[in-house]
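Residue numbers (the numbering used here): 112 to 583.
We put the beta carbon where it would ideally sit given N, CA and C, even for glycine.
Treat the numbers as computed from the prediction; the structure is a model and nothing was measured.
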Amino acid sequence: MSEQSPRPRKPGKPYRRPQKDPVRFLAFEALRAVDERDAYANLVLPPLLRKAREKGDFDARDAALATELVYGTLRKQGTYDAIIASCVDRPLREVDPPVLDVLSLGVHQLLGTRIPTHAAVSASVELARVALGDGRAKFVNAVLRKVAQDDLDTWIERVAPPYDDDPEDNLAIVHSHPRWVVSALWDSLGGGRAGIEDLLEADNERPEVTLVARPGRSTTEELLREEAAVPGRWSPYAVRLSEGGEPGAVEAVKEGRAGVQDEGSQLVALALANAPLDGPDEKWLDGCAGPGGKAALLAAVAAERGAMLLASEKAPHRAGLVAKSLAGNPGPYQVIAADGTRPPWRPGSFDRVLMDVPCTGLGALRRRPEARWRRRPEDLEGFAPLQRDLLRTALESVRVGGVVGYATCSPHLAETRAVVDDILKQYPHTELIDARPLLPDVPALGEGPDVQLWPHLHGTDAMYLALIRRTG
Numbered sequence: 112m113s114e115q116s117p118r119p120r121k122p123g124k125p126y127r128r129p130q131k132d133p134v135r136f137l138a139f140e141a142l143r144a145v146d147e148r149d150a151y152a153n154l155v156l157p158p159l160l161r162k163a164r165e166k167g168d169f170d171a172r173d174a175a176l177a178t179e180l181v182y183g184t185l186r187k188q189g190t191y192d193a194i195i196a197s198c199v200d201r202p203l204r205e206v207d208p209p210v211l212d213v214l215s216l217g218v219h220q221l222l223g224t225r226i227p228t229h230a231a232v233s234a235s236v237e238l239a240r241v242a243l244g245d246g247r248a249k250f251v252n253a254v255l256r257k258v259a260q261d262d263l264d265t266w267i268e269r270v271a272p273p274y275d276d277d278p279e280d281n282l283a284i285v286h287s288h289p290r291w292v293v294s295a296l297w298d299s300l301g302g303g304r305a306g307i308e309d310l311l312e313a314d315n316e317r318p319e320v321t322l323v324a325r326p327g328r329s330t331t332e333e334l335l336r337e338e339a340a341v342p343g344r345w346s347p348y349a350v351r352l353s354e355g356g357e358p359g360a361v362e363a364v365k366e367g368r369a370g371v372q373d374e375g376s377q378l379v380a381l382a383l384a385n386a387p388l389d390g391p392d393e394k395w396l397d398g399c400a401g402p403g404g405k406a407a408l409l410a411a412v413a414a415e416r417g418a419m420l421l422a423s424e425k426a427p428h429r430a431g432l433v434a435k436s437l438a439g440n441p442g443p444y445q446v447i448a449a450d451g452t453r454p455p456w457r458p459g460s461f462d463r464v465l466m467d468v469p470c471t472g473l474g475a476l477r478r479r480p481e482a483r484w485r486r487r488p489e490d491l492e493g494f495a496p497l498q499r500d501l502l503r504t505a506l507e508s509v510r511v512g513g514v515v516g517y518a519t520c521s522p523h524l525a526e527t528r529a530v531v532d533d534i535l536k537q538y539p540h541t542e543l544i545d546a547r548p549l550l551p552d553v554p555a556l557g558e559g560p561d562v563q564l565w566p567h568l569h570g571t572d573a574m575y576l577a578l579i580r581r582t583g
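What follows is the structure in structure tokens.
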């Protein structure tokens, strides 16, 4: 099948002006921003929805459908690309990206929602007429009619190799992840088909919104009075919003007394805060503090204990976000813009240090599904020196007897244990602390002493944490 150029209308044939569907056009706009500007849907979509509501174009059901179309299309992009590729007569890279976005939206409606077939096809063709012109609309119509002939399971059986022939490629297409990501996650899990399939499925589920009640400023009891709120699973400060809950409408969130923060992120901060120390406990450091979620929780816990937090972030605009998150903290704190690999503070200045280092973000693919398609294996090489330099800084910044928390939002072994093992060889006067007891009641934390959280096991992002005590 090929894209067709516009054909002249037959004499006397009336021309019907295409009708703009606000929901699908907004979803198309969001996908174009993700593709053209490397934007993230969770940053692009909210202002588009807000603008549509202000114009009176949208109600709550429209917003829910637009959100499902955007996130569902992005999560299943790999699967849908394989299906579309089998229905066109050219390599997929030669299909214009805007056309591919319309096709992907259409395929998601056909194979991933309960929208009737005729409505999914006609709405997609109409979107193509509005956004791309009549000629490309005919191409979209032809492709989607091919797709509509079978259901998702039949298509997957057709386009994915059998599991026994190529397990990684099968899982990549079935669960819509790049092959190299499947391989890396499988290695991190330690093998077994059930575990990797459960993880990949969890990556494609819509994550719950989790709030954190910042100690001394809010309580879980206050947050649980919200209509859609239920208790968190693991963190004593966590409250989950069931589907339809809007965090921006929560008074404590609007006032900064509570925030939106994944429960895994909360657990990492709390484990560092509760790790046993030798000696005083007065000065804490968050060495990679942006955008400020962990820093805000650490600062609040520190304030309860009479300690202060220094929050450092290299990028000035991200340091500004940290300052906003910490504004109103009941105890002393300071926010600075500084390069964590060339710190302005003296060695041995802190009792507790958190380094949540920049990484590939493979642990947060539920929240940023587009990230899986942007990352490449070579990105690991770019992050590796920075991650090691920041862990070195952390170990040099903590006093003897103090504790460092090395954290990533990636389970990739090259970003977790490989970094810790490499650096500890250079710092013999250190010891790993068993982090598992510091996450009480959380199951399936592995063999220790480090901890790896998982979406399919814990309902959190795949956060990694190693706790290291400096002994000399």
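{"Item": "Backbone CA spacing between Val-285 and Gly-370 [nearest angstrom]", "Value": "35 Å"}
{"Item": "Proximity winner among Ala-426, Val-412 and Val-270, relative to Leu-420 (alpha-carbon distances)", "Value": "Val-412"}
{"Item": "Spatial neighbours of Trp-565 in its chain, beta-carbon cut-off 7 Å, leaving aside the 5 residues before and after", "Value": "Leu-310 and Ala-573"}
{"Item": "Residues near Ser-113 in its chain [Cβ-Cβ closer than 6 Å; skip 5 each side]", "Value": "Annotation note: pLDDT 47 at Ser-113 (below 50); position unreliable, coordinate value reported separately. Excluding residues within five positions, the ones whose Cβ falls inside 6 Å are Asp-200."}
{"Item": "CB contact flag (Gly-513, Ala-577, <9 Å)", "Value": "no"}
{"Item": "Span separating the alpha-carbon of Glu-362 from that of Leu-335", "Value": "12 Å"}
{"Item": "9 Å Cβ cutoff met for Val-433 and Ala-384", "Value": "no"}
{"Item": "Integer-rounded CB distance, given that Thr-184 should sit under 8 Å from Leu-104", "Value": "Outside the displayed range of the chain (112 to 583) lies residue 104, so it cannot be described from this structure."}
{"Item": "Candidates Asp-207, Asp-389 and Ala-234: closest to Gln-220 by CA position", "Value": "Ala-234"}
{"Item": "Closest by C-alpha distance to Leu-469, when choosing among Glu-481, Trp-484 and Ser-521", "Value": "The displayed chain sequence assigns Pro, not Leu, to residue 469. Selected option, being the one with the closest Cα: Ser-521."}
{"Item": "Closer than 8 Å: Ile-195 CB and nearest the ligand GDP heavy atom", "Value": "Among the ligands in the structure shown, none appear at all, so the ligand GDP cannot be discussed."}
{"Item": "Residue range of the alpha helix (DSSP H) that includes Pro-158", "Value": "152 to 166"}
{"Item": "Cβ pair Thr-504, Glu-542 closer than 9 Å", "Value": "no"}
{"Item": "CB-CB length for Pro-342 against Thr-331, believed under 8 Å", "Value": "7 Å"}
{"Item": "Best match in Ile-195, Arg-477, Asp-168 and Lys-536 for proximity to Leu-263 [C-alpha to C-alpha]", "Value": "Ile-195"}
{"Item": "Alpha carbon of Ala-242 to alpha carbon of Leu-214, nearest angstrom", "Value": "12 Å"}
{"Item": "Per-residue DSSP class, three states only, for Asp-264", "Value": "helix"}
{"Item": "C-beta contact flag for Val-446 and Ala-406 at 9 Å", "Value": "yes"}
{"Item": "Proximity winner among Gln-372, Val-236, Arg-304 and Leu-568, relative to Tyr-348 (alpha-carbon distances)", "Value": "Gln-372"}
{"Item": "Nearest-angstrom Cα separation, counted from Ser-294 out to Tyr-274", "Value": "14 Å"}
{"Item": "Assigned exposure category for Glu-440 - 16 Cβ within 10 Å defines buried", "Value": "Checking the displayed sequence, the identity of residue 440 turns out to be Asn instead of Glu. Under this definition Asn-440 is a buried residue."}
{"Item": "Which residues DSSP lists as bridging Met-419, in chain order", "Value": "Lys-394"}
{"Item": "Contact under 9 Å by Cβ, Pro-588 with Ala-414", "Value": "Outside the shown range of the chain (112 to 583) lies residue 588, about which nothing can therefore be said."}
{"Item": "Residues of its chain near Pro-117, where Cβ-Cβ distance is below 7 Å and the 5 sequence neighbours each way are ignored", "Value": "Confidence at Pro-117 is low in this model, with a pLDDT of 45, below 50, so its placement is unreliable and no value can be given for it."}
{"Item": "The segment 488 to 500 touching the segment 456 to 472, judged by at least three CB pairs closer than 8 Å", "Value": "yes"}
{"Item": "For Ala-430 and Glu-424, the rounded distance between their alpha carbons", "Value": "5 Å"}
{"Item": "Assigned secondary structure, Gln-372 (DSSP; H/G/I helix, E/B strand, else coil)", "Value": "coil"}
{"Item": "Span separating the alpha-carbon of Val-530 from that of Tyr-182", "Value": "33 Å"}
{"Item": "Expected contact under 8 Å - CB spacing of Val-251 and Ala-239 to nearest Å", "Value": "4 Å"}
{"Item": "Cβ-Cβ separation, Val-206 to Gly-217 (assumed contact under 8 Å), whole Å", "Value": "Actually they do not touch by this definition, with Cβ atoms about 13 Å apart."}
{"Item": "Residue range of the unbroken alpha helix (DSSP H) whose run includes Pro-273", "Value": "Here Pro-273 belongs to no alpha helix (DSSP H), and DSSP marks it neither H nor E."}
{"Item": "Separation of Ala-174 from Pro-133, as counted between CA atoms", "Value": "10 Å"}
{"Item": "CA-to-CA distance, Val-236 to Gln-115, given in whole angstroms", "Value": "Low confidence applies here, because Gln-115 scores a pLDDT of 45, under 50, leaving its location unreliable; read the following figure in that light. Whole-angstrom Cα-Cα distance: 13 Å."}
{"Item": "Residue span of the alpha helix (DSSP H) that contains Thr-504, given as start and end", "Value": "490 to 508"}
{"Item": "For Phe-169 and Leu-160, believed in contact at Cβ under 8 Å, the rounded distance", "Value": "7 Å"}
{"Item": "Beta-carbon contacts of Pro-560 that lie in its chain and below 8 Å, excluding the five residues immediately before and after", "Value": "Leu-543, Ile-544, Asp-545, Ala-546, Arg-547, Ala-577 and Leu-578"}
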